[in-house]
Every structure is written in C-alpha cells, then in structure tokens.
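*Asks:* Got a structure here, written out as structure tokens. Questions coming.
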Amino acid sequence: MKFLGRQTLRIISGFGDFALFVAKSIQATIGSRKLFRRVVRAFYEQGTLCLPVIIIVGAFTGLVLGLQGYYVLNRFGSEGLLGTLVSLSLVREMAPVLAALMLVGQAGSALAAELGIQRNSEQIVALETMGVSSHGYLVTPRLIAAVIVFPLQTALFAVIGLWGGSVSGSLLLGVDSGIYWSSVERAIEAADLRECFVKAAIFGLLTISLCAYHGFNAHRCRSATGARAVSASTTRAVVHSSIAILAVDYVVTSFLV
Amino acid sequence: MDPTSPDPLLQVDGLHKSFGDHLVLAGVGLAVQRGSVFSVLGPSGAGKSVFLKCLANVLRPDSGEIHFDGQLLGPSDPAGRANFQRRCSFLFQNNALFDSLTALENVALPLEQTTNLGDDEIHERSLDALRQLEIHEHASRHPGEFSGGMQKRLALARAIVTRPELVFFDEPTAGLDPLRRNAVFAMIAKYQRQIGFTALIVTHDVVEALIASDRVALLDRGRMCFEGTPGEFSASKHPVVQGFRDSSEMLGSTLAAIRDGKNPLSMSHETE
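Protein sequence lines, in the order shown, are assigned to chains A and B. Using numbering that gives the first Met the number 0, the letters of the first sequence map in sequence onto residues 0 to 256. Using numbering that gives the first Met the number 0, the letters of the second sequence map in sequence onto residues 0 to 271.
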C-alpha cells in the first residue's frame, strides 16, 4: 500500500515537474535573443534530417494500405473505394501517428541524447552561470519548430502514402488510376485535414517537450549516472513519447470525431 | 590590496550547504578584495567546488550571506542576481565548451545572449578575446579539435569576453601535467593583470596557487581552517595547513617506509 502511494505521488510530481518545464520553456520565448537562428537549426534537425525516414515509411505504409485494402474491398466488389480507404486511414490516423513516431525515433531521441550530454558536460550549467536561460536557448526553439514541422512532415507522409497506395492499387493490382484519385478527392474533407494537423501539432509539442525534458534532467536519473544516465534518459524519452502519442491520439480523436 | 579593506568585491559569511544528511559546507566565509587573485585550497572532497557553485548561483546554499560589491544577493532578488551574473564569469573544471559551436561562436555566445550589441561588434569583441588568448587563428575550428591547453584558453576567452569583474575558476588545472599546470596559472595571472578582473580559484595545487595568488584559504571538511597571504600559509603551524603543505614530504617518508619493508598504512594509524 505504502509502495503504491509512493509511486502515485512520484507520478503526480513527475507530471507537475514536466508541466513546469514546458511552461518555463514557453515563457522563455519572451526575451530569448537570436531565437530565429536557433529555430532555423531546429527546423533543419526535425525537418531536413528526418525527410528520408518520412518518405520511406510513408511510401511503404501507402503500399501496404493499398495492398491490404484492395484484397479486403475485392471480396465485396468495391475496389473503387480503395482511394477512400487509403486516404481516410492516412489522413485521420496513420499519417499523424506514424510520422510522429518516426520523428520521435530520429529527432526526439537525438534531442534527448544531445541535452543529456550537455547536462553531463556542464554545458547547461555554463549557460545558467552566463545568465542565459537554458530553457530559452536549448528547448524553446525546438518546441517552436515542432509545432510547425510536425504538421508539415505529416502532410508529406500523407501525400507519399497516397502515392504508395496508388502504386500498389493501380499500378500493380489494376484499379483504375482515375477512380482511385477521384475517390481520394471525394473522401477527404476539411474536417479530416483539420484533425490531421491538430493532432500533428499536439504530438509535436508533446513529444519534443518530453524528449527535451528527459534529456535536460538526465542528471536526475536514479538508476544510473554518466553515459548510462544519458542512455537511460534517451530510452525513457522515446518510450514515454511513443506511449503519449497513442494515448493522446485516442483522446484527441474522441473529441474531434 | 589591503586584505582588511572595508570594501571587498565579494564577501561571504556563514555559508552552509548539505546534500541530504551529508554536510558539505559548515559556515564558510571569506572576503575577496577587488583586483586580487584569491585561491581556495583543499583536498578532494573538501567542498571546494560546491562552495564555488554556491557563490556562482549554480547551487542554492541552505543558509549564509553573499555580498557582491556591497549588495546582498538574496534568492528573492532576481534583479540583483542577474546583475551579479552579468558581472561574473565561471571557468569550469572540464571547460563546458559547446562542442557543436566553433571557437568563435563559443566566445560570442554570452555576448549574443546577454547584451544588445550588434552582430559586427559581437564578432569583433569575440575575435579580440581569441586574439588575447592567442587562438584567433583557430576561430572557425570546433573545441573537439583543440588540445587540452587550447580548450582551457578558449574557455578563458569565453569567460573574459563579457569583461567581467569577477571570474570563478573551478579546478583550472585538474588532470593537467605539471608543465600545463604552470602554464594555466601563468595564463590566469597574466590576463588577470592585463584585463584587471578579480579571480577566485579553487584548486588543490598548493605550489602553483601560492605563487600566483595574493591570498589563499584552506577549506577542510566544509570549514575554512586558514586564510592569509601565501607567506602566512607557508609559515602556518596549523596542523591541517601543515599536513596539506607537507603532503609531498609525507609521500617521501611513506615511500621510504615501503622501501624499508614497513607497512606505511600501519605507520599512519600509529601517528593518528
């Protein structure tokens, strides 16, 4: 019972600590100097460097959706609805969730490890002794970039996925290309796009905050110190972010649908 | 530099700091005069770095008072703290340089982030700091490409670029060979005179600190057990000062005992 109580308190205080961290990082936007340059660098880290993984995973997701969708719809003689199935699956769920998971795997883990190493080598403390807000310098630009880059990467994922669905459906399995693309056009509504981008922005803010939080606090790791603390905090960052994406996806979907 | 001057740049009184049950600082106090080099000596684990980090606002002391330029620095006075940080710099034991930035960007960082200077002036002042430390030819290189001594100079360039009044040095010679140790102390003394900042150094290098400092203090088990000039330190009969000062002689006698086939550990127990 005591153990349960202690764990509950630890989780609640963890949530509080995380909320304070995010609030401090957002507040640091005011008065942070030369922020634009650092936002551009964060754009490069989360955007340009993650393009290959978004393109590859987006293409294969579309290819598989086209393939599976074709065989399911074929049973009912409704292959003409393949575009609808692929587009709605991608835009409403798969693109925001999978793109966010991929971005966490690449940009989020790199961010957690970078901040963990900076904490270990006293670079973060050095900023504070200079009178520079470490949140404003290291975290704020990443959060600003995430809110913009995640929706853009999600849009790219969805477009590549639709193209993948068309390749497997039309090119390989013989669904008429015109029918595929016209059903895509008819299926997607403004509300679907809004849901897609709202989810992507929320996932971006949440996961990059979580990754930054774990890296930033690598020195508070109880189970390890030094390099192992960095590795443990990076692992925690990726695991917590992945769980958060799926949990928040359910919550946001239930509100938006 | 009169040590009894009523107007020290930094005055510390009764500083306490503990981590859980472990008391690290038990009422430490000192006064650092403007324009002087003050070294705090002490064995490893004596609390020197914790003391310095409490002064530099990296750690919050449990109790005690810190006056900078006559003003009390309190946790409830963020403006006073910010003013203090603007006028001080900290040189870390491991340099804490940003490895993703070039040497020039490292030095420009505090100017970019804490001043309203234009890009051209920041560039010029950063290059000047690198020039003073004779590493301006490597301005576009990253710290990872530098030798240990050059990294130390780069860290010092970053520390002095804001023209601070007080520079904290945390074990500036840790892990360096004797030649480099001398070079680092010579560098601190040279630029301290050239630029005119006040230096507070924590170190366990007795010989170098005695040569380079105007005043020294000895921290042992969280208490300041000596404060005075290097001459007074050399003449002190305080047992802790003597033990610390004569550690090399003690090593000689321990080695002699080993050569004679005696157990030096049992000898040290006997002397206790």
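The beta carbon of each residue, even a glycine, is placed where N, CA and C say it ideally should be.
Examine chain A for any beta-carbon lying closer than 9 Å to the beta-carbon of A173(B), and answer yes or no.
*Replies:* No - not a single Cβ of chain A is within 9 Å of the one on A173(B).
*Asks:* What are the residues of the stretch 108 to 137 of chain A that lie near chain B, defined by any Cβ-Cβ distance shorter than 7 Å?
*Replies:* Going along the stretch 108 to 137 of chain A in chain order, one finds S120, E121, Q122, V124, A125, E127, T128, M129, G130, V131, Y136 with a Cβ nearer than 7 Å to chain B.
*Asks:* So if I threshold CB-CB distances at 7 Å, which residues from the stretch 26 to 51 of chain A count as touching chain B?
*Replies:* Those would be R32, K33, in chain order.
*Asks:* Measuring only the C-alpha atoms, how far is V215(B) from N105(B)?
*Replies:* Between V215(B) and N105(B), the C-alpha separation is close to 31 Å.
*Asks:* Threshold first: 4 residues or longer. Then list the alpha helix (DSSP H) segments lying entirely within the stretch 85 to 124 of chain B, N to C.
*Replies:* Entirely contained in the stretch 85 to 124 of chain B, the alpha helix (DSSP H) runs reaching 4 residues are, in chain order, 102 to 113.
*Asks:* Between the stretch 169 to 197 of chain B and chain C, which residues of the former have a C-beta closer than 7 Å to a C-beta of the latter?
*Replies:* Within the model displayed, chain C is absent; protein chains A and B are what it includes.
*Asks:* In chain A, which residues lie less than 7 Å from R85(B) when you measure between Cβ atoms?
*Replies:* Here the neighbours are G130.
*Asks:* Of all Cβ atoms in chain A, is any one closer than 9 Å to the Cβ of T161(B)?
*Replies:* True, the Cβ-Cβ gap to chain A drops below 9 Å.
*Asks:* From which residue to which residue does the beta strand (DSSP E) around K16(B) run?
*Replies:* Element bounds for K16(B): 9 to 18.
*Asks:* Compare the beta carbon distance of L142(A) and I207(A) with 9 Å and say whether it is the shorter of the two.
*Replies:* Closer than 9 Å, so yes.
*Asks:* Helix, strand or coil for H137(B)? Go by DSSP, reduced to three states.
*Replies:* Of the three classes helix, strand and coil, the one that applies to H137(B) here is helix, per DSSP.
*Asks:* What span of residues does the alpha helix (DSSP H) with E184(A) cover, start to end?
*Replies:* Looking at the DSSP string, the run of the alpha helix (DSSP H) that includes E184(A) is 176 to 186.
*Asks:* Please state whether DSSP places I55(A) in a helix, a strand or coil.
*Replies:* I55(A) falls in the helix class under three-state DSSP.
*Asks:* Can you check which of these residues, T128(A), V148(A), E121(A), S167(A), is closest to G214(A) by C-alpha distance?
*Replies:* Here the closest residue by C-alpha is E121(A).
*Asks:* Among the candidates D169(B), Q84(B), A128(B), whose CA atom is the shortest distance from the CA of S43(B)?
*Replies:* If we check each option's Cα against that of S43(B), D169(B) comes out closest.
*Asks:* Could you please give me the residues that DSSP links to R214(B) through a beta bridge?
*Replies:* In DSSP, R214(B) forms a bridge with F37(B).
*Asks:* Would you mind reading off the limits of the alpha helix (DSSP H) that contains M149(B)?
*Replies:* Per DSSP, M149(B) belongs to the alpha helix (DSSP H) from 147 to 159.
*Asks:* At a Cβ cut of 8 Å, what residues of the stretch 109 to 131 of chain B count as close to chain A, listed as they run along the chain?
*Replies:* Cβ contacts with chain A: P109, E111, Q112, T113.
*Asks:* Nearest by alpha-carbon distance to P7(B): which of Q70(B), R258(B), A25(B) is it?
*Replies:* The residue with the shortest Cα to Cα distance from P7(B) is Q70(B).
*Asks:* Whole angstroms is fine: what's the gap from L204(A)'s alpha carbon to V103(A)'s?
*Replies:* About 11 Å.
*Asks:* How big is the Cα-Cα spacing for L22(B) and P77(B)?
*Replies:* Cα-Cα distance, rounded: 27 Å.
*Asks:* Please report how far the alpha carbon of R86(B) lies from the alpha carbon of R193(A), in whole angstroms.
*Replies:* In a straight line, the C-alpha of R86(B) is about 50 Å away from that of R193(A).
*Asks:* Select from the stretch 56 to 88 of chain B all residues with a C-beta closer than 8 Å to any C-beta belonging to chain A, and list them in chain order.
*Replies:* Flagged, chain order: N56, V57, A81, Q84, R85, C87, S88.
*Asks:* What residues match up with L24(B) in a beta bridge as DSSP calls it?
*Replies:* Paired residues: K16(B).
*Asks:* Are there 16 or more other CB atoms within 10 angstroms of the CB of N115(B), so buried, or fewer, so exposed?
*Replies:* So N115(B) ends up on the exposed side.
*Asks:* By a C-beta neighbour count over all protein chains shown, 10 Å radius and 16 as the cutoff for buried, is G115(A) buried or exposed?
*Replies:* Buried, by the Cβ-count rule.
*Asks:* Quick one: does R219(A) have its CB under 9 Å from some CB of chain B?
*Replies:* Chain B contact via Cβ: absent.
*Asks:* Can you confirm whether the stretch 24 to 43 of chain B touches the stretch 233 to 248 of chain A when touching is taken to mean that 3 or more C-beta pairs between the two stretches lie within less than 8 Å?
*Replies:* No, because fewer than three Cβ pairs between the stretch 233 to 248 of chain A and the stretch 24 to 43 of chain B fall closer than 8 Å, the two stretches do not touch.
*Asks:* Should S48(B) go down as buried or exposed, given a rule of 16 or more other Cβ atoms within 10 Å for buried?
*Replies:* That one is buried.
*Asks:* Whole angstroms is fine: what's the gap from A186(A)'s alpha carbon to G130(A)'s?
*Replies:* Near 54 Å, if we compare the C-alpha coordinates of G130(A) and A186(A).
*Asks:* Please classify I29(A): does DSSP put it in a helix, a strand, or coil?
*Replies:* Correct three-state label for I29(A): coil.
*Asks:* Between the stretch 87 to 101 of chain A and the stretch 151 to 165 of chain A, do at least 3 Cβ pairs fall closer than 8 Å?
*Replies:* Flag = yes, the stretch 87 to 101 of chain A and the stretch 151 to 165 of chain A touch.
*Asks:* When the cut-off is 9 Å and only beta carbons count, does A95(B) lie next to chain A?
*Replies:* Taking Cβ atoms only, chain A reaches closer than 9 Å to A95(B), which makes this a yes.
*Asks:* Using a Cβ cut-off of 9 Å (strictly closer), state whether D20(B) contacts chain A.
*Replies:* With 9 Å as the cut-off, D20(B) does not count as an interface residue toward chain A.
*Asks:* Helix, strand or coil for M129(A), going by three-state DSSP, please let me know.
*Replies:* Reduced to three states, the DSSP call for M129(A) is coil.
*Asks:* Buried or exposed: where does D175(A) fall if 16 or more other Cβ atoms within 10 Å of its Cβ makes it buried?
*Replies:* Looking at its Cβ environment, which holds fewer than 16 other Cβ atoms inside 10 Å, D175(A) is exposed.
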